[in-house]
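S.K.: Residue numbers (the working numbering), protein chains in the order written: chain A, 1 to 141; chain B, 1001 to 1134.
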Amino acid sequence: MSNTRAVVLDNEPVQAILDTRHRKHRRALAIIEAVAARSQRRAGPARLLVPTTVRVEAGWNRRTPAAAVINRLRAEDIPLDTDLADRAAALRSTLGLSVADAHLGAVLASTAGPHTIVTSDVADVQRIVDHLATSTALLPF
Amino acid sequence: MDDRIERLLDLLDQDTTETVGTSVRLPVHLRDAAAIAAELGLASSTTDLTAHGLRAALEAVAQRAVLDAHYLAHPDAQPDLAEIATATAQIDGHPLADRPELIRRAAAGIRAVRANPTPDDVLLYAAGLAEGAA
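1) Contact criterion: CB-CB distance below 8 Å. Does Ala58 of chain A meet it with respect to chain B?
2) What does Asp1015 of chain B touch in chain A if you count any residue whose Cβ is under 8 Å from its own?
3) Relative to the C-alpha of Asp121 of chain A, which residue among A:Ala112, A:Thr4, A:Ser98 and A:Leu18 is closest?
4) If you drop the 5 nearest sequence neighbours on each side, which residues of the same chain put their C-beta closer than 7 Å to that of Glu1102 of chain B?
5) Asp1120 of chain B: buried (16+ other C-beta within 10 angstroms of its C-beta) or exposed?
6) Any idea what DSSP makes of Ala146 of chain A, helix, strand or coil?
7) Return helix, strand or coil for His1135 of chain B, following the three-state DSSP convention.
8) Quick one: list the residues of chain A neighbouring Leu1067 of chain B, beta-carbon separation under 8 Å, in chain order.
9) Got a sec, what are the start and stop residues for the beta strand (DSSP E) Glu76 of chain A sits in?
10) Could you tell me which residues DSSP pairs with Ile117 of chain A in its beta bridges?
11) Please go through the same chain and pick out, in chain order, the residues whose beta-carbon is closer than 7 Å to the beta-carbon of Asn11 of chain A, but skip the five residues on each side of it.
12) Between His156 of chain A and chain B, is there a C-beta pair that is closer than 8 Å?
13) Return the CA-CA distance between Leu80 of chain A and Ala90 of chain A, expressed in angstroms with no decimal places.
14) Residues of chain B with CB closer than 7 Å to the CB of Leu84 of chain A, please, in chain order.
15) Hey, Val107 of chain A and Val1066 of chain B are a contact pair by Cβ (cut 8 Å); roughly how many whole angstroms apart?
16) Since Thr4 of chain A meets chain B, which of its residues come closer than 7 Å, beta carbon to beta carbon?
17) Could you tell me which chain A residues have their CB closer than 9 Å to the CB of Ile1103 of chain B, listed as they occur along the chain?
18) Less than 8 Å between the C-beta atoms of Ala133 of chain A and Ala1087 of chain B, yes or no?
19) Tell me which same chain residues have a C-beta within less than 8 Å of the C-beta of Glu76 of chain A, skipping the five on either side of it?
20) Look up Arg47 of chain A in the DSSP assignment and say whether it is helix, strand or coil.
21) Are Ala6 of chain A and Gly1093 of chain B touching if we call contact CB-CB under 8 Å?
22) Could you spell out where the alpha helix (DSSP H) holding Arg1111 of chain B opens and where it closes?
23) I want to see whether chain B comes within less than 8 Å of Leu49 of chain A, judged by CB atoms only; does it?
24) State buried or exposed for Ile1036 of chain B, treating a residue as buried only when at least 16 other CB atoms are found within 10 Å of its CB.
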């Protein structure tokens, strides 16, 4: 079993949390609950991370009323700063990724793992994981 | 949501280095364990450990309150124990992660023997069911 230290949300899980009418809203909250439950166990807490470009893609604007709930779920923004931009640019050029996927890859390479990525884009994300050879699990969404 | 929860969340989000001296009574064994961890370089100080633990506990409480308030407004959005246990198994790479029906049976069965089971309790019970069936 993995000892996940960080759960990274991709585009659709973010959209599903944002929208109570999304067909996977409840599924997304089950994942949030599972992450929350970790803080009560000896396995230790897991961080909930969202690359900021994924936020852009998913339409998560923290200043809008629709984001009131997701804003409060203690998900951390991982911004595309200078270092991550360099890493993302390298990934984009090597693997031909979208900006958001490249940013996600840069997050994997620059934050403490092991990571679990919640994504509905398993094929592309698996390519990133294989390329980085990091200790990362995929949770198909 | 309760205004005090909002205030709690706002305080947790503040990015400040301002500190305050406060008197906290710690269990002696925890104080001594923290001192050893600091000596070994495993932790920076008892103060940092205390602040870190306090933040983690408060964030967990706040997140629980946010979710509960959301479920009050949207009861259909609340995942059941089986769904949470399945998500837990998937995040942890648990061997039963791809057996949601077994986990659902375990979530139903465990309530007969344990009050307020956690997702981990359900997974343990599910492993017992799988073992029994083998």
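Every residue, glycine too, gets a C-beta built ideally from N, C-alpha and C. As the structure is a computational prediction, the values presented were derived from the model and not from experiment.
M.R.: If we stick to the structure as given:
1) One-based indexing of the first sequence puts residue 58 of chain A at position 58. No, no contact with chain B.
2) In the second sequence, the residue the question calls residue 1015 of chain B occupies position 15. Going along chain A, no residue has its Cβ under 8 Å from Asp1015 of chain B, so there is no contact; the nearest lies around 12 Å.
3) Counted from its first residue, the first sequence places residue 121 of chain A at position 121. The option with the nearest alpha carbon to Asp121 of chain A is A:Ser98.
4) Position 102 of the second sequence, counting from 1, holds the residue named residue 1102 of chain B. Residue identity check: residue 1102 of chain B is Leu in the sequence provided, not Glu. Counting only Cβ-Cβ distances below 7 Å, and skipping sequence neighbours, we find Leu1096, Ala1126, Leu1129 and Ala1130.
5) Within the second sequence, numbered from 1, the residue matching residue 1120 of chain B stands at position 120. So Asp1120 of chain B counts as buried.
6) Given that chain A is displayed from residue 1 to residue 141, the structure contains no residue 146 of chain A and the question cannot be resolved.
7) Here chain B has residues from 1001 to 1134 only, and residue 1135 of chain B is not among them.
8) On the second sequence, residue 1067 of chain B is found 67 positions in, with the first residue counted as 1. Near Leu1067 of chain B (Cβ distances below 8 Å), the residues of chain A are Leu29, Ile32, Glu33, Ala36 and Leu73.
9) Taking the first residue of the first sequence as 1, we reach residue 76 of chain A at position 76. First-last of the beta strand (DSSP E) with Glu76 of chain A: Glu76 to Ile78.
10) Indexing the first sequence from 1 puts residue 117 of chain A at position 117. DSSP, once it has assigned bridges, lists A:Val8 and A:Leu138 as partnering Ile117 of chain A.
11) For this step, residue 11 of chain A is matched to residue 11 along the first sequence. The residues are Val54, Glu57, Ala58 and Ala100.
12) Any question about residue 156 of chain A goes unanswered here, given that chain A covers just 1 to 141.
13) For this step, residue 80 of chain A is matched to residue 80 along the first sequence. For this step, residue 90 of chain A is matched to residue 90 along the first sequence. Cα to Cα, Leu80 of chain A sits roughly 13 Å from Ala90 of chain A.
14) Here residue 84 of chain A corresponds to residue number 84 of the first sequence, with the count starting at 1. Correct list: empty, because the minimum Cβ distance to chain B is about 19 Å.
15) For the purposes of this step, residue 107 of chain A is identified with residue 107 of the first sequence, where counting begins at 1. For the purposes of this step, residue 1066 of chain B is identified with residue 66 of the second sequence, where counting begins at 1. About 24 Å separates the two Cβ atoms, so there is no contact after all.
16) The count along the first sequence starts at 1 and reaches residue 4 of chain A at position 4. Chain B residues near Thr4 of chain A: Ile1091 and Asp1092.
17) Counted from its first residue, the second sequence places residue 1103 of chain B at position 103. Correct list: empty, because the minimum Cβ distance to chain A is about 11 Å.
18) Within the first sequence, numbered from 1, the residue matching residue 133 of chain A stands at position 133. Within the second sequence, numbered from 1, the residue matching residue 1087 of chain B stands at position 87. Against a cut-off of 8 Å, the Cβ pair of Ala1087 of chain B and Ala133 of chain A comes out as no contact.
19) Indexing the first sequence from 1 puts residue 76 of chain A at position 76. If we look at Glu76 of chain A and ignore the five residues flanking it on each side, its Cβ neighbours are Arg47, Leu48, Leu49 and Val50.
20) Counting from one through the first sequence, the residue named residue 47 of chain A turns up at place 47. Note: Arg47 of chain A maps to strand in three-state DSSP.
21) The residue labelled residue 6 of chain A in the question sits at position 6 within the first sequence. The residue labelled residue 1093 of chain B in the question sits at position 93 within the second sequence. Against a cut-off of 8 Å, the Cβ pair of Gly1093 of chain B and Ala6 of chain A comes out as no contact.
22) Looking up residue 1111 of chain B in the second sequence gives position 111. From DSSP, Arg1111 of chain B is part of no alpha helix (DSSP H); its letter is neither H nor E.
23) Translated into positions along the first sequence, residue 49 of chain A becomes position 49. No - not a single Cβ of chain B is within 8 Å of the one on Leu49 of chain A.
24) The sequence position of residue 1036 of chain B within the second sequence is 36, counting from 1. Exposed, since its Cβ has fewer than 16 Cβ neighbours within 10 Å.
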